[in-house]
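Shown next, in structure tokens, is the structure this report addresses.
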Amino acid sequence: MEGINKSSLQEFFKKTGILWVMVALIIVMSMISPTFFTSRNLINVAKQASITSIIGVGMTFVLITGGIDLSVGSVMALSGTLAASAAVAEKNIPIAIVILIGAGLGTLCGLINGIGVSYVGFPPFIMTLGMMTIARGIPLVYTNGTPVFGLSEAFNTLANSRILGIPTLVYYMVIISVIGYIILSKTVLGRQIYGIGGNEEAARLSGVSVARLKMLVYVFSGFLAGIAGILICSRITSGNGTVAEGYEMNAISAAVIGGVSMTGGSGSVLGMVVGAMILTIIQNSFDIMGVNSFYQDIIKGIIILLAVFLDLRGKKK
Numbered sequence: 079m080e081g082i083n084k085s086s087l088q089e090f091f092k093k094t095g096i097l098w099v100m101v102a103l104i105i106v107m108s109m110i111s112p113t114f115f116t117s118r119n120l121i122n123v124a125k126q127a128s129i130t131s132i133i134g135v136g137m138t139f140v141l142i143t144g145g146i147d148l149s150v151g152s153v154m155a156l157s158g159t160l161a162a163s164a165a166v167a168e169k170n171i172p173i174a175i176v177i178l179i180g181a182g183l184g185t186l187c188g189l190i191n192g193i194g195v196s197y198v199g200f201p202p203f204i205m206t207l208g209m210m211t212i213a214r215g216i217p218l219v220y221t222n223g224t225p226v227f228g229l230s231e232a233f234n235t236l237a238n239s240r241i242l243g244i245p246t247l248v249y250y251m252v253i254i255s256v257i258g259y260i261i262l263s264k265t266v267l268g269r270q271i272y273g274i275g276g277n278e279e280a281a282r283l284s285g286v287s288v289a290r291l292k293m294l295v296y297v298f299s300g301f302l303a304g305i306a307g308i309l310i311c312s313r314i315t316s317g318n319g320t321v322a323e324g325y326e327m328n329a330i331s332a333a334v335i336g337g338v339s340m341t342g343g344s345g346s347v348l349g350m351v352v353g354a355m356i357l358t359i360i361q362n363s364f365d366i367m368g369v370n371s372f373y374q375d376i377i378k379g380i381i382i383l384l385a386v387f388l389d390l391r392g393k394k395k
């Protein structure tokens, strides 16, 4: 009985370890700064983590299949900037059409990535790196490098309104994360996605349409990047081809810190969300303490390397 209890306890901490890391960070920062553990700051942390979490859901799906999507930040810029251009108040374009434009562009980029990886045979790193460059250039060419201002009130309120005192961005994050969690953990589709990442050949022999499913995963990632692009441009009330630079690394970092394996086959959406929260708490803590922002990149890089090292070590065991 004692052995069973010990084993169960070890399994519990293995599954929830990243959550305890976040709790420890919150406790430490609450002791260091009295302004950290306030409802205003905690809501701000959740708001700051929301967009990273939204694209992180798509990134989690891609990573679990053994792929990677380096284009999400650029796709956000493309989708958000062109949606913002359509949302200029003088054009009087309905907000539903504007959202459709942004989400549609993101989905199209994801489809191109998926076809390139699944059917043409490009390595995911190369395919999405190419898309990252293309998608970053198109909005800059379209706007001639000039930010788009004068957006409609309906567009600006998408990411800047509140419901019961909580930013709508947090609601979007929760809804999309729950959908991602249900798909991965409660459906046949989710089991097939894990199967592809665990052993692609075995999944194929068991009847899984590997190419089609991998393509759909990239489409989903592109769709969420399109949604996130709309939200980030709404949040800053302008469209700009330079927005969301580095967000692909934020999404990858959040996923890896949250326990998603870079080699595929394991991980969860909830772990990724906790990873995004940890990154945001670190950034927020540095801001409160007045630490130079350049140190944040160093710390983030160290955390990523440590998380990947622990993942690889665990797989070897």
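Residue numbers (my numbering): 79 to 395. For every residue, glycine included, the Cβ atom is placed at its ideal position computed from N, Cα and C. As the structure is a computational prediction, the values presented were derived from the model and not from experiment.
DSSP state of L148 mapped onto helix, strand, coil = It is coil, neither helix nor strand.
Do the region 266–279 and the region 111–118 touch if we need at least three Cβ pairs shorter than 8 Å? no
*In chain order, what residues of the same chain lie with their CB nearer than 8 Å to the CB of S346, ignoring the 5 residues before and after it?*
So the list reads T138, Y259, L262, S263, G336, G337 and V338, once near-sequence residues are dropped.
**Q.** Anticipated Cβ contact below 8 Å, T221 with G319, distance rounded
**A.** A Cβ-Cβ distance of about 6 Å is found for the pair T221 and G319, placing them in contact under the 8 Å criterion.
Alpha carbon of I62 to alpha carbon of N170, nearest angstrom: Outside the displayed span of the chain (79 to 395) sits residue 62, for which this structure offers no information.
- prompt: For M100, which residues of its own chain have a beta-carbon under 8 Å away from its beta-carbon, when the five flanking residues on both sides are left out?
  reply: V352, M355, I356 and I359
Taking L291 as the reference, which of N191, N238 and P217 has the closest Cα? N191
Buried or exposed: F301, going by 16 or more other Cβ atoms within 10 Å of its Cβ? By the neighbour-count rule (16 or more Cβ atoms within 10 Å), F301 is buried.
Touch check for the region 321–336 and the region 131–149: three-plus C-beta pairs under 8 Å? yes
(Q) I'd like to check one pair, L156 with F203: are the Cβ atoms closer than 8 Å? (A) No. Outside cutoff.
| Helix, strand or coil: how does DSSP classify V321 here? | coil
**Prompt:** Do you know offhand how far G194's Cα is from M209's?
**Reply:** Rounded to whole angstroms, the separation of the alpha carbons of M209 and G194 is 10 Å.
Check: Going straight from the alpha carbon of I173 to that of G158, what length do you get?
Finding: 13 Å
Worksheet entry | Status (buried if at least 16 other CB within 10 Å, exposed otherwise) for P245 | buried
- Item | Bridge-paired residues (DSSP) for L229 | V166
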